[in-house]
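Here's the structure, in structure tokens; my notes come after.
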Amino acid sequence: KGDIAFNNVTFAYTKQHKVLNGLDFHICAGEKVALVGKSGQGKSTIAELLCRLYDVDQGNIYIDGYDIKTYPLDMLRNQIGLVHQVSTVFNNTVRYNLIFTNDKNYDAEIWDALQRVNLDKVIKKLPQGLDTMLSSSNINLSGGQLQRISIARAYLKNPKILIFDESTSALDENNETNIIQSWQVLFPDRTILIIAHRLST
Numbered sequence: 419k420g421d422i423a424f425n426n427v428t429f430a431y432t433k434q435h436k437v438l439n440g441l442d443f444h445i446c447a448g449e450k451v452a453l454v455g456k457s458g459q460g461k462s463t464i465a466e467l468l469c470r471l472y473d474v475d476q477g478n479i480y481i482d483g484y485d486i487k488t489y490p491l492d493m494l495r496n497q498i499g500l501v502h503q504v505s506t507v508f509n510n511t512v513r514y515n516l517i518f519t520n521d522k523n524y525d526a527e528i529w530d531a532l533q534r535v536n537l538d539k540v541i542k543k544l545p546q547g548l549d550t551m552l553s554s555s556n557i558n559l560s561g562g563q564l565q566r567i568s569i570a571r572a573y574l575k576n577p578k579i580l581i582f583d584e585s586t587s588a589l590d591e592n593n594e595t596n597i598i599q600s601w602q603v604l605f606p607d608r609t610i611l612i613i614a615h616r617l618s619t
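419 is the number of the first residue of the sequence shown in this note's numbering; add one for each residue after it.
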């Protein structure tokens, strides 16, 4: 369902400095919550712990009342969509960058997702549409368009929990507003955690 609870969570990357110390909070399923603060204060660490990229030193993290360590790792991560500040681009087609396969049987769902993030017309103008090759060194999409690719990817994954980790910090105010509005339309019943250093976000 996407109910999240941190119970007395303590975590440190090194023994000398605790990033989180006795952290407690509860996010109800379907709730939208923002973590706002300066860089280096542990906001992204919360996302990493939730995805079990690291395990807590003390305390427990629960999803739907169960300790996340009791879930198989692939099952846990399949229910969490993570959109970072820098969009990950794979050296493959637009299609593969959205669904991690080049199976054309999913094209109808892909075009629906692209339309929802207002990117369908841009992709149709590319030389080979969904079959256009993207690479990290030669990208023919802007930063804002790549963010929309990431959001469409998250939409197609259809997770119960979404984390947007500084995912609009590189965008201007107009593009940021458009993307935030797309979150509300695309994920109305999902638990959303928005990590940002700008209060406006």
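Heads up, the beta-carbon is just placed ideally off N, CA and C, and yes, glycines get one too. Remember, it's a predicted structure, so these values are computed and weren't measured experimentally.
Three-state class that DSSP yields for residue i in the structure shown
i      : result
Tyr514 : helix
Asp475 : coil
Leu617 : coil
Gly547 : helix
Val540 : helix
Asp421 : coil
Cβ-based neighbour list, residue i, same chain, cut-off 8 Å, excluding 5 preceding and 5 following
i      : result
Leu491 : Arg470
Nonlocal neighbours in the same chain, by C-beta distance under 7 Å from residue i, ignoring five residues either side
i      : result
Lys578 : Lys419, Gly420, Gln497, Arg608, Thr609
Val437 : Phe429, Ala430, Tyr431, Gly460, Thr463
Asn520 : Thr511, Arg513, Tyr514
Ile517 : Tyr524, Ile528, Leu574
Residues of its chain near residue i, where Cβ-Cβ distance is below 6 Å and the 5 sequence neighbours each way are ignored
i      : result
Ser553 : Asn509
Asp482 : Lys419, Asp421
Terminal residues of the alpha helix (DSSP H) in which residue i lies
i      : result
Gly562 : 561-575
Leu604 : 591-604
Residue environment, residue i, which counts as buried when at least 16 other CB atoms sit within 10 Å
i      : result
Asp583 : buried
Tyr472 : exposed
Asn515 : buried
Thr619 : buried
Phe424 : buried
Residue i: first and last residue of the uninterrupted beta strand (DSSP E) it sits in
i      : result
Asp442 : 435-445
Ile610 : 609-614
Lys450 : 450-454
Check your understanding: Given 8 Å as the limit, is there contact between the stretch 521-531 and the stretch 475-485, that is, 3 or more CB pairs closer than that?
Key -> Inter-segment contact for the stretch 521-531 and the stretch 475-485 is absent: fewer than three beta-carbon pairs are separated by less than 8 Å.
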